[in-house]
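The structure under discussion appears below in the form of structure tokens.
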Amino acid sequence: MDTKSLDQADLVNQVIDVIASEGMVDREKVTMDATIESLDLKSIDIVMILTAIEEKFNVYIPMDGPFHDAKDVRGLIDAIAAHISQAASTNISQEKAG
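Just so you know, we're using our numbering here: the sequence shown kicks off at 565 and counts up by one.
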């Protein structure tokens, strides 16, 4: 997937879709203010969500750090968006150098 063409709204919607499908949660419940606990997501659900996001956006996401510190959907999406942006800029830098 071309992360350069993603805008913030697209990214948010795609991440919410992944959270809903991998976490087996009704999409309507996955709001920006929803907490991980209110969605009844367990550690394994978070791992599955992050793995699906890795595959969807073709990025490596470490299984520690800001992703596991997120307390709500907004925090999770912010961490994912920052990571995808960083990965995209790293890839661009590597392409220019290569």
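Just so you know, even glycine gets a beta-carbon here, dropped at the ideal spot from N, CA and C. These figures come from a predicted structure and were not determined experimentally.
Buried versus exposed, by CB contacts within 10 Å (16 or more), residue i
i: I610; result: buried
i: I608; result: exposed
i: I583; result: buried
Element boundaries [alpha helix (DSSP H), containing residue i]
i: M612; result: S607 to F621
i: D574; result: Q572 to E586
i: D633; result: P630 to D633
Integer Cβ distance of residue i from residue j, believed to fall under 8 Å
i: P630; j: A643; result: 4 Å
i: T613; j: V594; result: Inspection of the sequence shows that residue 613 is occupied by Ile rather than by Thr. Actually they do not touch by this definition, with Cβ atoms about 11 Å apart.
i: L640; j: A634; result: 4 Å
Take every Cβ of the segment 617–625, pair it with every Cβ of the segment 590–599, and state whether three or more of those distances are shorter than 8 Å.
no
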